[in-house]
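A.B. asks: This is the structure, below, for whatever I ask next.
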Amino acid sequence: MYRVAAIGGDGIGPEIIAVGKQVLDAASDKFGFEIVWEDFAIGADRYLETGDLLTEDDLNDLSAFRAIYFGAIGDERIAPGILEKGILLALRFYFDQYINLRPVKLLDGVWTPLAGKTPADIDFTIVRENTEDFYVGLGSRFTGREHREFSLSRDLYSVKFGLDVQSDSEEIAYQIGVLSREGSRRIVRYAFDCAAVRKRRLTSVDKANVLSDVYGLWRDVVHEVAAGYPTVSTEFSYVDAITMWFVKNPEWFDVVVTPNMFGDIITDLGAMIQGGLGLAPGGNINPDGTSMFEPIHGSAPKYKGLGVANPVATIWAGSMLLDHLGEHAAAAAVLSGIEKSIRDGVTTRDMGGDATTAGVGEAISRYILGGEV
Ligand code: IPM
Ligand code: MG
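If you're matching positions, the sequence shown starts at 10 in the working numbering and goes up one per residue.
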């Protein structure tokens, strides 16, 4: 028996999570375990009613779970950044979910914009660092002369910056990226562990030719960790170059490890080459704590309640959640169920079909329960 927290969130979030839960329930019935869900009403509606993004009670309650199933947040009534930073990033940081795992895999029957590429060519994993870099939230805008102090405290270090700004007429802004050796090491190790059981090739992404301090540290760590994995071949790619190679030679890649912000960017590219955002899942993982699984797309408010949202990314994230809990056979069946639904043409309209969000979930649940996958 597993207790799993569910946060539907905003827009299409609640409907895709409802469908995902149904599929995971089917998998648990079939494979002989039970999931007890606990729903959390976190998101835009509550924020507008109470002003709360995440409360201390939310965090205390959620920390009792090993896994959270997360839909999407984002709402047109609220300025961009508030829910993203106050809920999604806050959860990733609070639970120290330092691994953002994003498989890029073209499923059978899915159209890719890359001409001539097939599922045999597009099957790699992006391991994105999820707690550091330009996401640490250190920054400010200034007009005029000012002195400001910024500080950041983490378990292993704390930093403090003082800025004396002398700008009489011009407006300027700062945003500071921070990497730590230990923060880099733990994600790079995780990526090498993945590569060691896959095709044994690791590509590290950076921009060490320009941002040579932060990504110089990153590179040093990759070299250091690589020495412990002699069977894995290691290479480095600048972030600008890797966007070209993803398009030209996706078949080259196995495990790609990247600092946080470049990971944000290249995983949207990855999503597109695997068929679009409707097909791209992600896991925010803390191997010793509370992890969170979500589609990488947003809340798509204009499709809310229409039954047209593609639930595949969310169902696939659910498969990752089951894997994380150690239910590997059930996780594999969920992914096979997704593949079968695509082969059978049970797809939403973004993939050329006419199935509803719920219809896709029902088909996949039926395949699983009927032992067809
Ligand atoms: C993602 C998203 C988030 C990120 C936003 C919504 C904060 O783009 O999960 O990739 O930047 O990480
Ligand atoms: Mg993103």
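We treat Cβ as the ideally placed atom computed from N, Cα and C, and that holds for glycine.
Per DSSP, which residues does Thr149 bridge with? Please list them.
C.D. replies: Position check: residue 149 holds Ser in this sequence, whereas Thr was assumed. Looking at the DSSP assignment, Ser149 forms a beta bridge with Tyr183.
A.B. asks: Is it the case that the Cβ atoms of Ile181 and Val266 are separated by a distance below 8 Å?
C.D. replies: Contact flag unset, no.
A.B. asks: Under the three-state reduction of DSSP, which class applies to Asn269: helix, strand or coil?
C.D. replies: Asn269: helix per DSSP, three-state reduction.
A.B. asks: Between the Cα of Gly354 and the Cα atoms of Ser345, Val369 and Ala341, which residue gives the shortest distance?
C.D. replies: When each option's Cα is compared against that of Gly354, the closest is Val369.
A.B. asks: Can you list, in chain order, the residues of its chain whose CB lies under 6 Å from that of Ser193, leaving out five sequence neighbours each side?
C.D. replies: Cβ neighbours of Ser193 beyond the five flanking positions: Trp227 and Val230.
A.B. asks: For Thr140, tell me which candidate among His306, Ser328 and Leu97 has the shortest Cα-Cα distance.
C.D. replies: That would be Leu97, whose Cα lies nearest to the Cα of Thr140.
A.B. asks: Does the beta carbon of Thr267 fall short of 7 Å from some heavy atom of the ligand MG?
C.D. replies: No, the ligand MG has no heavy atom inside 7 Å of this Cβ.
A.B. asks: Given this structure, state the Cα-to-Cα distance separating Arg150 from Gln175, to the nearest angstrom.
C.D. replies: Distance between the alpha carbons of Arg150 and Gln175 is about 12 Å.
A.B. asks: What does the Cβ neighbour count give for His156, buried or exposed, with the cut at 16 atoms within 10 Å?
C.D. replies: With fewer than 16 other Cβ atoms within 10 Å, it is exposed.
A.B. asks: Relative to the C-alpha of Ile25, which candidate in Pro290, Gly298 and Ile282 has its C-alpha closest?
C.D. replies: Looking at the Cα atoms, Pro290 is the closest of the given residues.
A.B. asks: Have a look at Val45 and Asn295 and give me their C-alpha separation to the nearest angstrom.
C.D. replies: Straight-line Cα distance between these residues: approximately 21 Å.
A.B. asks: Output needed for Thr276: all residues of its chain with C-beta closer than 7 Å, excluding positions within five of it in sequence on either side, in chain order.
C.D. replies: Counting only Cβ-Cβ distances below 7 Å, and skipping sequence neighbours, we find Arg111, Ile135, Arg137 and Ile305.
A.B. asks: Would the stretch 22-36 count as touching the stretch 71-91 if we require 3 or more Cβ pairs under 8 Å?
C.D. replies: Yes: the two stretches touch, three or more of their Cβ pairs being nearer than 8 Å.
A.B. asks: Does the beta-carbon distance from Val187 to Leu220 come in below 8 Å?
C.D. replies: Cβ distance not < 8 Å, so Val187 and Leu220 don't count as in contact.
A.B. asks: Going by CA-CA distance only, name the one from Gly272, Ile347 and Tyr56 that's closest to Tyr144.
C.D. replies: Measuring from the Cα of Tyr144, the nearest candidate turns out to be Gly272.
A.B. asks: Should Asp142 be listed as close to the ligand MG, given that the test is whether its C-beta is under 7 Å from any heavy atom?
C.D. replies: It does not: the Cβ of Asp142 is nowhere closer than 7 Å to a heavy atom of the ligand MG.
A.B. asks: Do the CB positions of Ala341 and Val264 come within less than 8 Å of each other?
C.D. replies: Against a cut-off of 8 Å, the Cβ pair of Val264 and Ala341 comes out as no contact.
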